[in-house]
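Per the working numbering, the very first residue in the sequence shown carries number 573; after that it's consecutive.
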Amino acid sequence: MAKDQKKQPRPKAETPKGFRDYFGADVTERKAMLDRIAGIYHRHGFDPLETSAVETVEALGKFLPDVDRPNAGVFAWQEEAVPGGGTAGDWLALRYDLTAPLARVAAQFRNDLPTPYRRYAMGPVWRNEKPGPGRFRQFYQCDADTVGSASVAADAEICGMLADALEGVGIARGDYLVRINNRKVLNGVLEAADVAQGQADDVLRTIDKFDKVGRDGVLALLTTGRRDDSGAQIDGVGLSNAQAAPVLAFLTSKGSDNAATLDNLAAAVGASEIGAEGVDELRQIAAMLAAMGVAEDRAVIDPSVVRGLGYYTGPVFEAELTFEILDDKGRTRQFGSVAGGGRYDGLVERFTGQKVPATGVSIGVDRLLAALRAKGLAGTQDTGPVVVTVMDRDRMADYQAMAAELRAAGIRAEVYLGNPKNFGNQLKYADKRAAPVAIIQGGDEAERGVVQVKDLVLGARIAAEASLDEWKSQPAQTEVPRADLVAEVRRIIG
């Protein structure tokens, strides 16, 4: 090597900031959860769809609020003039959600797909945003949408299916609630309040703070303003108290049951036609959910659902987990939202120029999985593999035959492929693999046609709890005829 040639530094073995790796249980638990959800969606008549991870920036459109650059917030690049590539200068980007690709598919294959088109999709999405605690730049989404139906029956179906999905993964009734609202009702409230068009967005942002600041805080923010906890003055929207009254009536109209809530909402929208239309849609949804057997302890009309009202065009819904957990600081808090959705009738129109009604829901995969873990419901029946130890290198074919027999019987199994010289290291390996059983056969056992089957789970418990005499008796390790290997392993692992 030339003296002036510098040695290249080794690359750092680290995950890029905002990304993470998933191991063992993370992958299997997520897959088990998504498989159960897919089963529910499939029974409701929805078909799976997998779209490309890469879309054109034009297809994605303007996707992040308050961002003017078309490729801001995503991982995007320009196509080069390469053989088989796109036109030089075209922008491509990793998908930031699963809805924008659906809109493109619905437009591109509109002559081939049934109308309405029901689909579900599960997979990773990417956002080029600043990462933070619990906020990653790659994460999983799980969506279900109906494209091409203007009937609120599609919205009711999505809400009922969402309730079924939550129960399907193990969330018990009473531990969740699907809450339903309607953007048209809010439009009617804004009309009844005589809110100017330029003030509408400010009012939307204000009512979105209802959960944090309460009725009096929202009233102050809608009118003259308020001081926050730090003492800073926050300007109000500038409505009069009379204008703010319908908004507050809307936010506080939750009654003892759906019928009472709907009557209160009808009063809040006053003479507004669009508001009355929204209330009527909610009445239809409530009636259809009742007919589907989805009681009000599972899905309920709730005007406090205000997230997404700036995006959705009709019904909007949110699934909230109502049980409490301990946070990182040991404080008790309610788990909160794990899914949201609603009607978005304008998305496909960007491609076709024609209005195409659509409604759907997206489940936060990581949040729902965290909730299942908090309730002790995320564990799968999938344990580590049975480990066939190697006592004699020259008999590797015999050990592989044992593993093959176990696998043929539906039991996870592998042969130890490290250095077999130290048997203790083989058992340490089995422990690290969370193996339930180790298979041992030396030359003596092979001559006698038997194998030693070691119950590692029972062995660990005995080592921790048993007396010396009990430990010496080795009840966790049994000798069985070679022909009984599969039956004995099956007995141990249940």
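Each residue gets a CB set at the ideal place from its N, CA and C atoms; glycine is no exception.
What does DSSP give as the partner residues of residue i in its beta bridges?
| i | result |
| --- | --- |
| K1026 | A1010 and Q1049 |
| D807 | G797 |
| V933 | A716 and G913 |
| G908 | L893 |
| M864 | M864 pairs with nothing; no bridge assigned. |
| R691 | D619 and D717 |
| Y748 | L893 |
| P887 | N754 |
| E986 | V959 |
| A648 | A665 |
| Y873 | Note that residue 873 is Ile in the sequence shown here, rather than Tyr. I873 is bridged to I752. |
| P696 | Y712 |
| T600 | For T600, which the question treats as bridged, DSSP gives no partner whatsoever. |
| L898 | T904 |
| R707 | G704 |
| E627 | A665 |
Skipping 5 residues on each side, what residues in its chain have a beta carbon closer than 6 Å to that of residue i?
| i | result |
| --- | --- |
| R799 | Q805 |
| E1051 | V1022 and Q1024 |
| A871 | C731, A735, V750 and L861 |
| G948 | none |
| E1060 | V1025 and V1052 |
| V878 | I779 and D780 |
| R777 | none |
Report yes if the C-beta distance between residue i and residue j is below 9 Å; otherwise report no.
| i | j | result |
| --- | --- | --- |
| E1071 | P887 | Absent from the structure is residue 1071, since the part of the chain shown begins at 573 and ends at 1066. |
| L881 | D780 | yes |
| D715 | L674 | yes |
| D669 | V629 | no |
| A891 | G912 | yes |
| R676 | A631 | yes |
| V1086 | V1009 | Outside the displayed range of the chain (573 to 1066) lies residue 1086, so it cannot be described from this structure. |
| L749 | D869 | yes |
| D619 | R667 | no |
| G1015 | D1056 | no |
| A1048 | G1031 | yes |
| V775 | T795 | no |
| Q856 | L811 | no |
| N830 | A792 | no |
| L919 | S909 | no |
| T961 | A1002 | yes |
| H944 | M694 | Sequence inspection shows Leu at residue 944; the His mentioned does not correspond to that position. In this structure, M694 does not lie closer than 9 Å to L944 by Cβ. |
| R1005 | E986 | yes |
| T931 | A679 | no |
| E601 | A946 | no |
| I609 | V741 | yes |
| A1018 | D970 | yes |
Given residue i, which residues of its chain have a CB within under 7 Å of its CB, disregarding the five upstream and five downstream residues?
| i | result |
| --- | --- |
| W649 | L664 |
| D874 | R751, I752, N753 and K826 |
| G633 | A672 and R922 |
| G760 | V841, S844, I846, G847, A848 and G850 |
| R1054 | G1021, V1022 and V1023 |
| E701 | G645 and R709 |
Assuming residue i contacts residue j under a Cβ cut-off of 8 Å, what Cβ separation, rounded to an integer in Å, is found between them?
| i | j | result |
| --- | --- | --- |
| A768 | V841 | In fact, because the Cβ distance is near 18 Å, the residues do not count as touching under 8 Å. |
| G957 | R984 | In the sequence under discussion, the amino acid at residue 957 is Pro, which differs from the Gly named in the question. Right, their Cβ atoms sit about 4 Å apart. |
| I1108 | K1026 | With the chain running from 573 to 1066 in the structure shown, residue 1108 is simply not present. |
| R1063 | A981 | So it is not a contact: roughly 12 Å between Cβ atoms. |
| L820 | V790 | 7 Å |
| V1058 | L989 | Between L989 and V1058 the Cβ distance is about 21 Å, and since that is not below 8 Å, they are no contact. |
| T885 | R787 | 27 Å between Cβ atoms; not a contact. |
| F907 | F895 | 6 Å |
| V757 | L823 | Actually they are not in contact, since the Cβ atoms of V757 and L823 sit about 11 Å apart, beyond 8 Å. |
Excluding sequence positions up to five away, which residues of its chain have a Cβ less than 8 Å from the Cβ of residue i?
| i | result |
| --- | --- |
| D783 | S876 |
| A722 | D917 and P929 |
| V639 | With a pLDDT of only 49 at V639, under the threshold of 50, the placement of this residue in the model should not be trusted; the figure read from the coordinates follows. Within the same chain, V639 has close Cβ partners G645. |
| Q815 | A765, D766, V767 and L794 |
| K584 | none |
| E586 | none |
Any chance the region 582-592 sits against the region 697-715, with 3 or more Cβ pairs inside 8 Å? Flag = yes, the region 582-592 and the region 697-715 touch.
On the three-pair Cβ rule with 8 Å, is the region 935-951 touching the region 674-693? Using a C-beta cut-off of 8 Å, the region 935-951 makes no contact with the region 674-693, since fewer than three inter-stretch Cβ pairs fall below that distance.
With a threshold of 8 Å, are at least 3 pairs of Cβ atoms found where one atom belongs to the region 729-738 and the other to the region 603-613? In short, these stretches touch, since the Cβ pair count reaches three.
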